[in-house]
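Contents: one structure, followed by commentary.
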Amino acid sequence: MDTLFATFGSGNCFKAHLIMEQLSIPHELHWIDVLKGEQKAPSFLELNPNGTVPFLLTSEGKGITESNAMLWYLAKGSALFPETGMSEAETIQWMIFEQTKLEPFISPARFFSVILPQRKEEMASQIAEWQERAAIGMERLNAHLSTRSFMIENRYTIADIAIFGYVHVADEAGLDFGCYPAVGQWIERVENQSGYQHILSYKPAA
Ligand SMILES: N[C@@H](CCC(=O)N[C@@H](CS)C(=O)NCC(=O)O)C(=O)O
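In the numbering used here, the protein residues as written are 149 to 354.
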């Protein structure tokens, strides 16, 4: 069985968990508390020298880092994988867009707003800068989604899951979905996909 090492509330970890739920891939969850630095524990670094989560340990004992690489691996051969070579290229393009124009800004602004709110005030000017940069990516995304229902091929694929991971919680980073109506409508379409689970619906035992 695959094991997903994840931290609670992370959009990157959520992507991997969501696809395993939607494709009914048997898996175990192993919680890593990044606030306690468990991702840098020697026993974890032995498995994943990058010291980050999500980390997927496959049933064959191979390790994968990078949430979007996990989506690619887990979706191959399924209905969530792009159908043509051009769609594969578009998917990679949007995955890189997500990791360079959205996630690096939405994720830390959200982190210091809702996960570690005690540092929100101290980080205020940095948060404002992340919000400004995230807004540029959100505008581009909104324009793309204004003319289609899903990211590629007009159907739900891993391109949607990759973008959705952090974009659907962009309000927690201080962005206003009212400014991005096509994104808001697409979020509803993704939430209506079979097997969808809320990001906070799986959590470590108390
Ligand atoms: N690009 C990576 C990002 C991985 C990442 O930075 N994960 C965060 C949690 S969302 C983490 O492990 N932070 C703790 C650390 O870097 O020490 C992905 O998409 O999986």
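No residue lacks a Cβ here, since even glycine has one placed at the ideal position from N, Cα and C.
Please read all numbers here as calculations on a predicted model, not as lab measurements.
ask   = Quick one: does the C-beta of valine 338 sit closer than 6 angstroms to a heavy atom of ligand 1?
value = Translated into positions along the sequence shown, residue 338 becomes position 190. Result no, Cβ not under 6 angstroms from ligand 1.
Distance between beta carbons of tyrosine 314 and histidine 165, contact taken as under 8 angstroms = As a first step, residue 165 must be located in the sequence shown, where it is residue number 17. As a first step, residue 314 must be located in the sequence shown, where it is residue number 166. That pair is no contact at about 14 angstroms.
ask   = At which residue ranges does the region 165-220 contain complete beta strand (DSSP E) runs of 3 or more residues, listed in the order of the chain?
value = 175-179, 203-205 and 211-213
message = Please report the distance separating the alpha-carbon of proline 197 from that of isoleucine 212.
response = As a working note, residue 197 is residue 49 in the sequence shown. As a working note, residue 212 is residue 64 in the sequence shown. Near 11 angstroms, if we compare the C-alpha coordinates of isoleucine 212 and proline 197.
key: Range covered by the beta strand (DSSP E) that runs through leucine 152   = Position 4 of the sequence shown, counting from 1, holds the residue named residue 152. Taken as a continuous stretch (DSSP letters only), the beta strand (DSSP E) holding leucine 152 covers 150-154.
request  = Out of Trp242, Phe156 and Lys163, state which residue places its alpha-carbon closest to the alpha-carbon of histidine 316.
outcome  = Your numbering for residue 316 matches position 168 in the sequence shown. Checked all of Trp242, Phe156 and Lys163; the closest Cα to histidine 316 is Lys163.
inquiry  = Could you compute how far the alpha carbon of alanine 283 sits from the alpha carbon of threonine 239?
reply    = Within the sequence shown, the letter at position 135 stands for residue 283. Within the sequence shown, the letter at position 91 stands for residue 239. One C-alpha to the other measures close to 21 angstroms.
request  = With hydrogens ignored, establish whether the beta-carbon of valine 182 is closer than 6 angstroms to any heavy atom of ligand 3.
outcome  = Absent from the structure shown: ligand 3. Ligands present: ligand 1.
query = Going straight from the alpha carbon of phenylalanine 253 to that of glutamine 279, what length do you get?
reply = Here the question's residue 253 lines up with position 105 in the sequence shown. Here the question's residue 279 lines up with position 131 in the sequence shown. So the alpha carbons of these two residues sit roughly 7 angstroms apart.
task = Mark threonine 305 as exposed unless 16 or more other C-beta atoms lie within 10 angstroms of its C-beta, in which case mark it buried.
result = One-based indexing of the sequence shown puts residue 305 at position 157. With 16 or more other Cβ atoms within 10 Å, it is buried.
task = Out of Ser294, Arg303 and Ala310, point me to the one whose CA is closest to glutamine 333's CA.
result = Here residue 333 corresponds to residue number 185 of the sequence shown, with the count starting at 1. Selected option, being the one with the closest Cα: Ser294.
ask   = Counting only runs that start and end within the region 232-282, where is the alpha helix (DSSP H) found for 4 or more residues in a row?
value = 233-245 and 251-258
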